[in-house]
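Q: Submitted below is the structure of interest, expressed as structure tokens.
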Amino acid sequence: MAGKVSTTQCFVDCNKFQRLAGLAMRTVQIALLLVAVGTGVVACGQSGREPLTSDGKKHVTFLTMQLRPAFDDYFLPLIEQYERENPDVDIDWVDYPWQNYETKLMTAFLARTAPDVINLPSESLPTYIKTGTILPLDDLIDSEVRASYVQSILADAGIYDNQLWAVPWYAAPEVAFVNTSILVEAGLTMGDVPHHYEDLPAFCETILSRTGKYGFYPIYIEGGKLRVFLWERGVPITNEDGTHAAFNTPEGLEAFEFWIDLYRDELIPRDAVTATHRIPLDQYKTGQLAILTTGPQLSRQFKSDSPEIYDASEVMPLPRWKGKDQYLVSLFMFGVSARTHHPEESMRFAEFLTNGPNQLEFSKRTITLPSVTTALDDPFFTTPEDSLRGRMFAVAAEETRKGQVFRPVRNNAEVMEVLASVTEAALLGNMTPKEALDDAERRVNEILSR
Amino acid sequence: MKSSAASSRQTMTAWAFLAPTLIVMGLFQFLPILGAFGMSLLDYFPDSPNNRFVGLENFARVLRDPAFWEALKNSVLYLLVVPVVVGLALALALLVEPAIPFMNTFRACYYVPVVTMMVVVAYAWTLVFNTDNGLLNQLLVKWGAAERGIPWLTSEGLALWTVMTVTVWKGLGYYMVMFIVALKAVPKELTEASRIDGANPVQGFANVTIPMIWPTVTLVAIISSISALQVFEEIYMMTNGRVGTSTLVYEIYTTGFDMSRGAIDFGQACAMGVLLFVVILGFTVFAVKRMQGAYGTT
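Going down the list, the sequences are from chains G and X.
For the first sequence, my numbering puts the final residue at 450, and the numbers step up evenly by one.
For the second sequence, my numbering puts the final residue at 748, and the numbers step up evenly by one.
This is the structure we're talking about:
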């Protein structure tokens, strides 16, 4: 009996074993198949776009930031013109939305599908240089073209370690829009709107007490705004060598305390502690904010969404500190991907996009400022039309002429995050402004020493 | 012999049906997961010539980082949404389970948030919770429940809790549907028998219905716990990870992808991902064992 059971058991076990072995084999086969297919997909991803089109043209892709479809009528004819003049080149236009632009770009680099010509904010340039994702342009750029750019902007924004890494495209200074309806409601006129920060608290108090609305809405956290507060007061983030923090000075503290007090005194919205740039824009669009500081190009949004607010708007230069007549200008540039198959052609196309006539036309359409001297001297900017749009250009052009580009410090993003976190701590009352600056100084020095 | 061949054919057929799913999951889930495990051991940047093996250094850096511990604390705290979700979803399911006129409309209403994009939901709730102009504060002030607007999303003590309410609100409908299905599967004879035996409705619910739907309760608890530990969109949209609301997944995002918040570091982000995996796995095993113990079944 025992033997019989044992034989049966053996048969069952053997059968089980065979099935298990078969199952294991099939599992291995499927795993191999997965790996094979996976490798194929990864390999396809690595090749990215084909360097040549089917008819043998050189394929150049360029990337812009949130310009499609609004500017199709500008870029598409321009691409057509370029392809006509350069029949051996095929241009492909890619556009990423503003939100998470750089994350998407970095993902494209990760997937090896990054475009050849890349639109970059100037402050991000060091990251791309450090990671070796863009090419130095000194040997690629035409010397005459290089000389055509506003040289101070080129030097501030595009040159690192004596090498040129990107060419400037458009500048976006901020201007101040004023909702005159709120002024009327508060019994004020444009003459009462402060041109200097020193007068801002009293203005905000008046607007708030008479209308229940806010006069001003600064952004505190997004983009390490503390560096702008300090810069406007003439306080640098680091010493000239970029080796030590240089902002923890009496002037730096005074500027920092001013903005923290404005919040703690509740003269500005309490949600400002986490607000991003779209929140003040929404508040302005809905008639809840008297002064909106933003790029003139964003006036398109409230012109379409709230025409009555646009009609009631006036424009003026950003408020300054008394005796500090300097403006910070955001600059957008073109770099060339280090993975491009066609560096020469990519450079030529970047030069074409940023030449005087093309920049001038682009500026007219976008309400941004060109970075080429011939375009800046055009009558369009020097003798603008008498309308809100014309005045926007006049104010923005004036600011650009006085403008400076913020030059990122070493490990810029980390430094900016430190500034953002101490600003948050001071706004929430977890630290005094002095403690916050002391803490920021210590942490920034630690970052700079790496 | 014939039955063995038939069994083999059945197995092959099963694999053939499973193959497309396995391939897709393998490519888009398992391979990336394996890749993340590998990258957590590297100082890695795409295409960089400086990529190198660093062993467990990324893990050591993560564990030394106070921001990680803050995020972990918030993620664990976020698990408090689980009992609330389970309780409210079950209550809603009991309310809308009876087959009476218009009940489908109610069910659909409760399900609408589930199919609405979180980005839209979060933005809408941000407007509701706005300190100065938000609907909620305006009502509270009007009714005299608050003297002035409460900083729902900008106060360190409140912001995380406020975001948690949105998570609960959005997830309720999904879990409610699961409970409705479970409740419908409870044999009516059992509840009737308990009533005949003298049990009141509460006793019947506690001693008959709950044990019968316990596997679903367990499933809802596990799924909602994993979701809670992986929360991201609400935090990203409503507070940007500020005012003490950063969670583990948000921290992974900022470390690995958000260039505005510091140098991006894929290795360290992957190390955090692996640690999150360990946390979720550990919690799930613990929860399953504990819940199995309650009624001896899942």
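Cβ coordinates follow ideal geometry from the N, Cα and C atoms, glycine included.
Quantities reported herein were computed from a predicted structural model and do not represent experimental measurements.
So, helix, strand or coil for K213 of chain G, using DSSP?
A: K213 of chain G falls in the coil class under three-state DSSP.
Q: Below 8 Å on C-beta distance, what does R270 of chain G contact in chain X?
A: Within chain X, the residues near R270 of chain G are T581, D582, G599, P601 and T604.
Q: Hey, could you find the ends of the beta strand (DSSP E) I118 of chain G is sitting in?
A: Start and end: V117 to P121.
Q: For E344 of chain G, name the three-state secondary structure that DSSP assigns.
A: Three-state result, E344 of chain G: helix.
Q: Does the distance from the CB of S313 of chain G to the CB of P115 of chain G come in under 9 Å?
A: Not closer than 9 Å, so no.
Q: What does a CB cutoff of less than 8 Å around Q653 of chain X pick up in its chain, not counting 5 residues either side in sequence?
A: Cβ neighbours of Q653 of chain X beyond the five flanking positions: S644.
Q: How would you call K322 of chain G, buried or exposed, if buried means at least 16 neighbouring beta carbons within 10 angstroms?
A: Exposed: under 16 other Cβ atoms inside 10 Å.
Q: Under 8 Å, CB to CB, which of the residues in the region 730-742 of chain X have a partner in chain G?
A: For the region 730-742 of chain X, which is checked against every Cβ of chain G, not one residue is closer than 8 Å.
Q: Given this structure, state the Cα-to-Cα distance separating H244 of chain G from S449 of chain G, to the nearest angstrom.
A: Whole-angstrom Cα-Cα distance: 8 Å.
Q: What residue from X:G648, X:L679, X:V631 and X:F682 has the CA that sits closest to M662 of chain X's CA?
A: Closest by alpha carbon: X:V631.
Q: For chain G, is any of its Cβ atoms less than 9 Å away from the one on Q460 of chain X?
A: No, its Cβ sits nowhere closer than 9 Å to a Cβ of chain G.
Q: Please decide whether N690 of chain X counts as near chain G, where near means a Cβ-Cβ distance under 9 Å.
A: At least one chain G Cβ lies under 9 Å of N690 of chain X.
Q: Our contact map puts S525 of chain X next to N508 of chain X with C-beta atoms below 8 Å; I'd like the distance itself, whole angstroms only.
A: Not really, about 19 Å apart at Cβ, beyond 8 Å.
Q: Using the beta-carbon of each residue, which ones in chain G are nearer than 8 Å to V693 of chain X?
A: In chain order: V273, T274, E424 and L428.
Q: Whose C-beta lies closer than 7 Å to the C-beta of G691 of chain X among residues of the same chain, with five residues either side of it excluded?
A: The answer, listed in chain order, is I685, Y700 and T704.
Q: Within the 9 Å Cβ cut-off, does F509 of chain X reach chain G?
A: No, F509 of chain X does not count as interfacial toward chain G.
Q: Looking at the secondary structure, which residues open and close the beta strand (DSSP E) in which T294 of chain G lies?
A: I291 to T294 is the extent of the beta strand (DSSP E) around T294 of chain G.
Q: Figure out for me which residue from X:A543, X:K523 and X:S677 has the closest Cα to the Cα of L618 of chain X.
A: It is worth fixing the name first, because residue 618 of chain X is Val in this sequence and not Leu. For the residues X:A543, X:K523 and X:S677, the minimum Cα distance to V618 of chain X belongs to X:S677.
Q: Grouping DSSP H, G and I as helix and E and B as strand, with all else coil, what is G623 of chain X?
A: In this structure, G623 of chain X counts as helix in the three-state DSSP scheme.
Q: Between the Cα of P601 of chain X and the Cα atoms of G:P250, G:H196 and G:A272, which residue gives the shortest distance?
A: Of the listed residues, the one whose Cα sits closest to P601 of chain X is G:A272.
Q: Counting Cβ pairs, one atom from each stretch, are 3 or more of them under 8 Å apart for the region 64-72 of chain G and the region 95-104 of chain G?
A: Output reads yes: the region 95-104 of chain G touches the region 64-72 of chain G.
Q: Could you check where the beta strand (DSSP E) with S152 of chain G kicks off and where it finishes?
A: Per DSSP, S152 of chain G belongs to no beta strand (DSSP E); it is in the alpha helix (DSSP H), Q151 to G158.
Q: From the beta carbon of G309 of chain G, is the nearest beta carbon of chain X less than 9 Å away?
A: According to the sequence provided, residue 309 of chain G is Ile. The question's Gly does not apply to it. No - not a single Cβ of chain X is within 9 Å of the one on I309 of chain G.
Q: Excluding the 5 residues flanking T276 of chain G on each side, which residues of the same chain have their C-beta closer than 6 Å to its C-beta?
A: Excluding residues within five positions, the ones whose Cβ falls inside 6 Å are E222.
Q: What residue range does the beta strand (DSSP E) around S330 of chain G cover?
A: Note, S330 of chain G: beta strand (DSSP E), Y327 to V336.
Q: Does the separation of the CB atoms of G599 of chain X and T581 of chain X fall below 9 Å?
A: Yes. Within cutoff.
Q: Can you have a look at G488 of chain X and say buried or exposed, based on whether 16 or more other CB atoms are within 10 angstroms of its CB?
A: Result: exposed.
Q: Going straight from the alpha carbon of K130 of chain G to that of F495 of chain X, what length do you get?
A: Cα-Cα distance, rounded: 11 Å.
Q: Pull up the distance between the alpha-carbon of D161 of chain G and that of K104 of chain G, whole angstroms please.
A: Cα-Cα distance, rounded: 27 Å.
Q: Would L388 of chain G and P173 of chain G be called neighbours here (beta carbons separated by less than 9 Å)?
A: Cβ distance not < 9 Å, so L388 of chain G and P173 of chain G don't count as in contact.
Q: Listed in chain order, which residues of the region 373-403 of chain G have Cβ atoms closer than 8 Å to some Cβ of chain X?
A: Of all residues in the region 373-403 of chain G, none has a Cβ within less than 8 Å of some Cβ in chain X.
Q: Pairs of beta-carbons, one from the region 427-444 of chain G and one from the region 366-382 of chain G, closer than 8 Å: are there three or more?
A: Contact between the region 427-444 of chain G and the region 366-382 of chain G is absent, because fewer than three Cβ pairs lie under 8 Å.
Q: Please check if any C-beta of chain G sits within less than 9 Å of the C-beta of F518 of chain X.
A: Not an interface residue.
Q: Kindly say whether Q288 of chain G, judged by its beta-carbon, lies nearer than 9 Å to any beta-carbon of chain X.
A: Yes - at least one Cβ of chain X is within 9 Å of the one on Q288 of chain G.
Q: Taking 9 Å as the CB-CB limit, is F495 of chain X close to chain G?
A: Yes - at least one Cβ of chain G is within 9 Å of the one on F495 of chain X.
Q: Quick one: what's Y170 of chain G bridged to in DSSP?
A: Answer is G:P370, bridged to Y170 of chain G.
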